[in-house]
Amino acid sequence: MQVTRRQFFRICAAGVGSSSLAALGFAPGEALAQVRAFKLARATETRNTCPYCSVGCGVLLYSLGDKSKNAHTEIIHIEGDPDHPVNRGTLCPKGAGLLDFVHSPNRLQTPEYRAPGGKEWTRISWDEALDRIAKLMKDDRDKNFVATNQDGATVNRWTTTGFLAASASSNETGYLTHKVVRSLGMLAFDNQARV
Amino acid sequence: MTNHWVDIKNTDLVLIMGGNAAEAHPCGFKWVTEAKAHRKARLIVVDPRFTRSAAVSDFYAPIRAGSDIAFLGGIINYLLSNDRIHHEYVKNYTDFSFLVNEAYTFEKGLFSGYNAEKRNYDKSTWGYQIGEDGFAKTDPTLQDPRCVYQLMKAHYSRYTPDMVSTICGTPKEAFLKVCEMIAETSASNKTMTIMYALGWTQHSQGSQMIRTGAMVQLLLGNIGVAGGGMNALRGHSNIQGLTDLGLLSNLLPGYMTLPGEKEQDYQAYIDKRAFKPLRPGQLSYWSNYGKFFVSTMKAWYGDAAAADNNWCYDWLPKLDKTYDILQVFENMNNGMMNGYVCQGFNPLASAPCKVKVSGALAKLKYLVTIDPLATETAEFWQNHGEYNDVDPAKIQTEVFRLPSTCFAEEDGSLVNSGRWLQWHWKGAEPPGDALSDQEIMAGIFLRIRELYKKDGGTFPDPILNLSWKHRRPDFPSPEELAKEFSGKALKDVTDPKDPTKVLVKAGEQINGFAELRDDGSTACGCWIFAGAWSEKGNLMARRDNADPFGIGQTLNWAFAWPANRRILYNRASCDPAGKPYDATRKLIAWDAGTGKWSGSDIPDFKPDSAPEEGMSPFIMNPEGVARFFAVDKMNDGPFPEHYEPFESPLVSNPMFPDNPVARACPAARVFKGDWESFGKPDKFPFVATTYRLTEHFHFWTKHVKSSAIIQPEQFVEIGEDLAKEKAIKSGDHVRVKSKRGFIVAVAVVTRRLMTLTVGGKKTYTVGIPIHWGFTGVAKNGYLTNTLTPFVGDANTQTPEFKAFLVDVEKV
Chain P
1 MQVTRRQFFR ICAAGVGSSS LAALGFAPGE ALAQVRAFKL ARATETRNTC
51 PYCSVGCGVL LYSLGDKSKN AHTEIIHIEG DPDHPVNRGT LCPKGAGLLD
101 FVHSPNRLQT PEYRAPGGKE WTRISWDEAL DRIAKLMKDD RDKNFVATNQ
151 DGATVNRWTT TGFLAASASS NETGYLTHKV VRSLGMLAFD NQARV
Chain W
1 MTNHWVDIKN TDLVLIMGGN AAEAHPCGFK WVTEAKAHRK ARLIVVDPRF
51 TRSAAVSDFY APIRAGSDIA FLGGIINYLL SNDRIHHEYV KNYTDFSFLV
101 NEAYTFEKGL FSGYNAEKRN YDKSTWGYQI GEDGFAKTDP TLQDPRCVYQ
151 LMKAHYSRYT PDMVSTICGT PKEAFLKVCE MIAETSASNK TMTIMYALGW
201 TQHSQGSQMI RTGAMVQLLL GNIGVAGGGM NALRGHSNIQ GLTDLGLLSN
251 LLPGYMTLPG EKEQDYQAYI DKRAFKPLRP GQLSYWSNYG KFFVSTMKAW
301 YGDAAAADNN WCYDWLPKLD KTYDILQVFE NMNNGMMNGY VCQGFNPLAS
351 APCKVKVSGA LAKLKYLVTI DPLATETAEF WQNHGEYNDV DPAKIQTEVF
401 RLPSTCFAEE DGSLVNSGRW LQWHWKGAEP PGDALSDQEI MAGIFLRIRE
451 LYKKDGGTFP DPILNLSWKH RRPDFPSPEE LAKEFSGKAL KDVTDPKDPT
501 KVLVKAGEQI NGFAELRDDG STACGCWIFA GAWSEKGNLM ARRDNADPFG
551 IGQTLNWAFA WPANRRILYN RASCDPAGKP YDATRKLIAW DAGTGKWSGS
601 DIPDFKPDSA PEEGMSPFIM NPEGVARFFA VDKMNDGPFP EHYEPFESPL
651 VSNPMFPDNP VARACPAARV FKGDWESFGK PDKFPFVATT YRLTEHFHFW
701 TKHVKSSAII QPEQFVEIGE DLAKEKAIKS GDHVRVKSKR GFIVAVAVVT
751 RRLMTLTVGG KKTYTVGIPI HWGFTGVAKN GYLTNTLTPF VGDANTQTPE
801 FKAFLVDVEK V
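Line order of the protein sequences matches chains P and W.
Numbering follows the numbering used here, with no gaps: position 165 of the first sequence is 165.
Numbering follows the numbering used here, with no gaps: position 795 of the second sequence is 795.
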C-alpha cells in the first residue's frame with residue numbers, strides 16, 4: 001500500500017503507533033527515522049480565550065492527562081484557535097507566550113500573611129486567612145457603617161473599606177463580586193475601567 | 001465598540017487616533033489589513049508617535065498629546081463650513097433641528113452656569129426649549145439661530161486650520177489632508193471607522209475627546225452602518241464585561257445607576273431614569289428601567305425583595321459622591337479608610353502618583369490582594385531598593401496575599417471589545433493551593449454572614465438575605481452564576497397583548513430583556529446580558545463561525561449583547577424609508593411584506609415599526625435621535641471644547657489666552673494639595689505620554705519568561721532633536737522626572753517622536769512604556785506612575801496618563 005507522508009501522519013494522528021503501522025507494512029516511501037507521534041495527539045484540547053487585551057482571541061489549550069480522577073493535568077502547549085472568526089488561529093507575541101504566564105515562577109501557590117511592621121511573608125492556611133479577613137471586614141463595617149446621614153436620610157453605606165474588582169476576571173466572578181460588595185453597602189468600588 | 005472586530009473589514013477608511021491597534025490589539029488590527037487588502041480601504045493615523053499603526057498607514061499626521069479636541073473640532077469646522085456632511089442622516093437621525101434653551105451661553109471658554117469656587121456647572125440651562133405639548137421644539141428648516149446645527153456651527157467656527165496647527169503642532173497641510181480624506185466618507189456609500197483606546201480616555205477631558213470623535217462620525221452618517229462606528233478598543237480581556245456588570249462606584253448592572261442620598265423616594269428614583277419620549281412617536285427604551293431594576297433586585301435578594309418594601313430599595317447604599325479610585329486614594333491618604341481589597345488589580349502600579357498611593361496604602365489597617373501573580377501592590381510595604389524605597393518597620397498595615405486561578409484554570413465568559421460574550425473552559429488545575437475567585441468571594445462572604453448570624457451587628461439585613469442558591473455554597477459555579485445574570489421567570493410571563501399566551505413558564509430561563517417585568521415575576525442579574533443562557537442553552541458557548549451574508553456577522557458565534565445584536569444603531573444604516581444606504585453592506589431593511597425589519601443582524605429597533613410611523617433610530621435616547629448637543633449628560637459642557645492638559649507646555653489656552661480659568665478643564669476635580677503637585681513648563685519643559693508595547697501586557701507579562709526575553713528592560717523614547725540638545729545617545733541611561741518623582745531608564749533615541757511647533761515654540765515629546773516594576777522575571781524597573789499627575793477626567797475621573805510634563809537628564 002502506498003502511503004504519502006501526509007496520509008501517514010494522518011493515520012498516526014488517529015492514534016495508532018507508528019512502529020506497529022510500519023510492522024504491518026504501511027510505510028511511506030520516505031525514511032521513518034524522524035517520525036514520532038505528535039505530543040499534541042495524545043493531549044487533551046480545551047477551548048479558551050486569551051486573557052490579555054480585548055480582541056478576545058480564541059486559544060486552544062493542550063494538556064497532558066485525560067482529566068480522569070487521579071491524572072494530573074498539565075498544560076503543555078497553547079496556540080491560536082483556527083476556527084475563531086476574529087483571530088483565525090493567529091496570536092500576537094503576548095498570546096503566543098501564554099504558556100509562560102500559566103507556568104510563571106511568580107504564580108502564587110498559597111495564602112500568605114504579612115503582620116504589621118513585618119519584613120516577611122508567612123504562609124497561612126485558607127481558613128486562617130479568610131477567618132481573619134472576615135473578622136476585620138465585619139469589625140470595620142460594624143464600627144463605620146452609616147445608616148442615616150446628617151439630614152436623617154437613609155443611606156446604608158460603608159465607605160471605610162473599599163474593593164477593586166478585576167477586569168480580567170470572568171463575568172461570573174464579576175457578577176458575584178458586585179452582588180457581595182453591594183450587599184455589604186460598599187461604595188468605594190471600581191475596576192480597571194476607571195483607569 | 002458600536003461595531004465589532006471582524007466588521008472593520010467592511011470599511012473604506014480607518015482613523016486610528018488615541019490608540020495604536022497594530023501594537024496594542026495586534027490580532028484585531030489584522031481586520032484593518034484585510035480592509036486595506038480587499039476593499040482598498042485607507043488608513044489614517046493621528047498620534048504623537050509614529051507608531052507601528054502609523055508605519056502601515058496611508059497617511060500619518062503628528063499631534064501634541066492632549067490636544068485631540070482641537071484637531072477633531074477643526075474637522076467638525078471643516079465638514080460644516082465646506083458642507084461635507086450626510087444631509088439626510090443628520091436631518092433625520094440627529095438633534096440638528098432641536099432648539100436649545102435661550103439661556104444657554106458659551107463665553108470666554110466657559111459654559112453658562114459655572115461656579116468657580118466649586119469648579120462645577122449648574123447645568124439647568126443646558127437643555128431644549130420644551131413646547132406646551134411637553135415635547136422638545138424643533139426647526140426642520142435649520143434656520144433658527146438657537147437650533148443645535150446653528151449653535152454648533154458657531155461654536156466650532158473658532159477651530160480654524162491655523163488654530164488647530166497652533167494648538168496641536170500638526171502642520172496645516174497635514175491637518176487639511178486628513179480633513180479631505182475623512183470628508184469623502186460623507187457619501188452614502190462610503191464609510192469610516194474610528195478606532196480609539198486609552199489615548200483618548202486617559203485625559204482630563206477624555207470623555208469629550210471621544211464625544212468629538214462620535215460627532216464627526218454622526219456628521220458623516222457613519223454610525224450604525226457596517227464598517228463604521230465608534231470603536232473603543234478596550235484595554236483588558238473583560239473590562240467591557242465588568243463595565244457592563246456595573247462594577248464601578250456609581251453603577252448597577254446594565255448601566256443602571258445607584259441612587260444618590262437625596263433620592264429617598266423609590267418611585268421618583270425610577271421615574272427620573274425611565275425617560276419619557278421627548279418627541280412624538282419615539283420609543284425611549286429606558287422607559288423600561290423599572291423592569292430592569294426590579295429584576296436585578298429579585299436576582300440579588302430573591303423573596304426578600306417585594307413590592308411592599310420597594311424591592312429592597314433602601315438596602316442599596318446611597319451616594320453622597322462618587323467613590324472612584326482617585327477619591328478613594330485621596331480618602332485613604334487622609335486616614336479615612338481602614339481596609340482595601342484588590343482582586344486582580346495592582347493599584348500601586350496603575351493608579352497615578354505612586355508616592356501618594358504608597359503613602360495611602362501605608363495608612364490602612366488591612367489590605368487584601370487576590371491575584372494569580374505576585375503584584376507590587378501586595379508588596380508595597382517591602383523595601384525593593386531604588387524601585388520601592390520604604391521602611392517596612394514603619395508600615396503597620398496587615399497584608400494578605402491570596403492566590404487565585406488564571407484564565408486557563410476556570411470556566412466562564414469574557415466580553416470582548418465587540419460585545420461578544422465568549423465562554424471558555426478549564427484546561428488544568430491551578431498551582432498549589434490557589435482557588436477560583438468565586439470560591440474566594442464565597443469564602444469571605446459566607447464567613448461574614450456567619451458572624452452576623454452568630455453575633456449580630458450593624459444592619460445585617462442585606463447580608464442575611466442575599467440570594468445564594470448554589471449547589472455548593474462555598475463554590476458558586478460559573479454555570480449557576482451565568483444563568484442568574486441571564487435571567488429566569490419566577491412566575492409564568494405572558495404576552496401583554498394576549499394574556500392567555502405564556503411567553504416563558506415559571507422556572508425557565510428567559511429569552512431576552514423584552515420578557516422582563518417590574519412586578520417581581522422575573523429575576524435577571526444584568527438585563528443587557530438577558531438571553532445569554534436561555535432554555536436553548538448556553539449561547540455564549542456557541543461555535544458556529546458561518547458567515548452567510550459574507551460581511552462577517554457570524555450570528556451563531558458566541559452571544560453579543562444586547563440581544564445578540566452585532567452592530568448598534570443599525571436602523572441608521574437605512575434611509576428614512578427603510579432602504580439600506582448601501583445595499584452591498586446591508587445590515588437590516590424594512591420588509592413591507594412581512595411587516596418586519598430583517599437582514600444580516602438583529603434590528604436595533606422596534607421590529608415591527610414601519611418607516612412611516614416615524615420612529616427614529618436612536619431608541620435609547622428619549623429624543624429618538626443622536627445628540628450633538630449633550631444637554632446635561634456631561635459635566636464639562638454640552639459641546640466639547642479644547643482645554644489644555646493640567647500639565648501643558650503652554651501657559652495659557654490659545655483659545656482663551658486671557659482667561660486662566662479656561663486653561664485646563666474648568667470642571668475637572670482637583671483635590672486640595674494636588675495643585676501644588678503639578679509641574680510648570682519652566683522646570684518641566686517636555687510633554688510626556690505613557691503607552692504599552694506589543695510584547696507586554698500591563699504589569700503581568702514581566703512575570704512571563706517569553707515576554708521578558710523579547711522586551712527585557714525598561715526604556716524611554718526620546719526624539720533626535722531633544723537627544724542632541726541633551727547629548728543623549730541610544731543606550732545611555734536617563735533620568736526622567738516630573739514634579740512627583742523620577743524614573744531611570746535606558747534611552748532609545750528615535751525619529752518616531754518628532755519635534756512639533758506648538759504655540760510658536762518647539763515642543764518635544766518623551767515616550768514612556770509602562771510595563772516594568774519591582775516584581776517579575778524581567779529586569780526590575782521603576783513604576784512609571786511615579787511620574788503621573790493625580791487628576792482625572794471631569795466625567796469619568798480616569799487619570800491623565802497621556803499628557804503631562806517632565807524633564808530629562810543623562811545619568
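Note that CB positions come from ideal geometry on N, CA and C, so glycine has one too.
| message | Cβ closer than 8 Å: which chain W residues qualify as neighbours of phenylalanine 38 of chain P? | response | None at all; the shortest Cβ gap to chain W is about 18 Å.
| field | Chain-order list of residues whose beta-carbon lies under 6 Å from that of threonine 2 of chain W (same chain, five-residue window excluded) | value | Gly229, Met230 and Leu568
| Is there at least one Cβ from chain W nearer than 7 Å to valine 180 of chain P's Cβ? | yes
| Got a sec: is the Cβ-Cβ distance from phenylalanine 684 of chain W to anything in chain P below 7 Å? | no
| request: Specify the secondary structure class of leucine 21 of chain P as computed by DSSP and reduced to three states. | output: Residue placement at leucine 21 of chain P is poorly supported in this model, since its pLDDT is 47, which falls under 50; the coordinates still yield a value, given next. Looking at leucine 21 of chain P - three-state DSSP - the assignment turns out to be helix.
| request: Mind listing the chain W neighbours of alanine 115 of chain P? Cutoff is C-beta to C-beta under 9 Å, in chain order. | output: Glu398 and Val399
| Sequence-distant residues of its chain with Cβ nearer than 8 Å to alanine 541 of chain W (five each side left out) | Trp423 and Ala558
| Between the region 788-803 of chain W and chain P, which residues of the former have a C-beta closer than 9 Å to a C-beta of the latter? | Gly792, Thr796, Gln797, Thr798, Pro799 and Phe801
| Would you say tyrosine 812 of chain W and phenylalanine 98 of chain W are within 7 Å of each other, going by their C-beta atoms? | Lying outside 1 to 811, the shown extent of chain W, residue 812 of chain W is not represented and no answer is given.
| query | How many angstroms separate the CA atom of isoleucine 270 of chain W from the CA atom of arginine 64 of chain W? | reply | 44 Å
| query | Between the C-alpha atoms of alanine 778 of chain W and serine 112 of chain W, what's the straight-line distance to the nearest angstrom? | reply | 52 Å
| field | Short CB-CB distance (under 7 Å) between isoleucine 76 of chain P and chain W | value | no
| field | Under 9 Å by beta carbon: chain P residues contacting glutamate 261 of chain W | value | Asn149, Asp151, Ala153, Thr154, Val155 and Arg157
| message | What ranges does the alpha helix (DSSP H) occupy inside the region 606-689 of chain W, keeping only unbroken runs of at least 4 residues that lie completely in it? | response | none
| At which residues does the alpha helix (DSSP H) containing tyrosine 149 of chain W begin and terminate? | 148-156
| request: Inspect the CB distances between the region 344-357 of chain W and the region 409-420 of chain W and report whether three or more fall short of 8 Å. | output: no
| task | Report the neighbours of threonine 73 of chain P on chain W: residues whose CB is nearer than 8 Å to its CB, in chain order. | result | Gly427, Ala428 and Glu429
| task | Using alpha carbons as the reference points, say which of P/Phe189, P/Tyr62 and P/Glu112 lies closest to alanine 41 of chain P. | result | P/Tyr62
| query | Going by alpha carbons, who is nearest to alanine 21 of chain W out of W/Ala232, W/Lys137, W/Pro161 and W/Ala174? | reply | W/Ala232
| task | Look at the Cβ atom of asparagine 795 of chain W, then the Cβ atom of asparagine 635 of chain W, and state whether they are nearer than 7 Å. | result | yes
| request: In angstroms with no decimal places, state the Cα-to-Cα distance between glycine 246 of chain W and valine 181 of chain P. | output: 12 Å
| query | Can you list, in chain order, the residues of its chain whose CB lies under 7 Å from that of leucine 373 of chain W, leaving out five sequence neighbours each side? | reply | Trp700 and His703
| Buried or exposed (CB count within 10 angstroms, at least 16 for buried), leucine 464 of chain W | exposed
| said: Which complete beta strand (DSSP E) runs does the region 377-408 of chain W hold, if anything under 3 residues is left out? | reply: 398-403
| field | Three-state secondary structure (DSSP) of glutamine 422 of chain W | value | strand
| request: Return the Cβ separation of serine 204 of chain W and proline 638 of chain W in integer angstroms, given the expectation that the two are a contact with Cβ distance under 8 Å. | output: Wrong, their Cβ atoms sit about 18 Å apart, outside the cutoff.
| said: Pull the bridge partners of lysine 488 of chain W from the DSSP assignment, please. | reply: W/Gln509 and W/Ala523
| For tyrosine 60 of chain W, the three-state DSSP class (helix, strand or coil) | strand
| query | How would you call tryptophan 597 of chain W, buried or exposed, if buried means at least 16 neighbouring beta carbons within 10 angstroms? | reply | buried
| Identity of the residues DSSP links to tryptophan 31 of chain W by a beta bridge | None; tryptophan 31 of chain W has no bridge partner.
| message | Given 6 Å as the limit, tell me if leucine 187 of chain P has its C-beta closer than that to any heavy atom belonging to the ligand SAH. | response | The ligand SAH is absent from the structure shown, which contains no ligand whatsoever.
| query | When the Cα atoms are used, what is the spatial distance from glutamine 240 of chain W to aspartate 601 of chain W? | reply | 21 Å
| query | Between which two residues does the alpha helix (DSSP H) containing lysine 190 of chain W stretch? | reply | No alpha helix (DSSP H) holds lysine 190 of chain W; DSSP gives it neither H nor E.
| Looking only at its own chain, which residues have a Cβ that is under 8 Å from the Cβ of glycine 109 of chain W, when we skip the five neighbours before and after it? | Glu641, Tyr643, Asn653, Met655, Phe656, Asn659, Val661, Ala662 and Pro666
| Just to confirm, are leucine 587 of chain W and glycine 174 of chain P a CB contact at a threshold of 7 Å? | no
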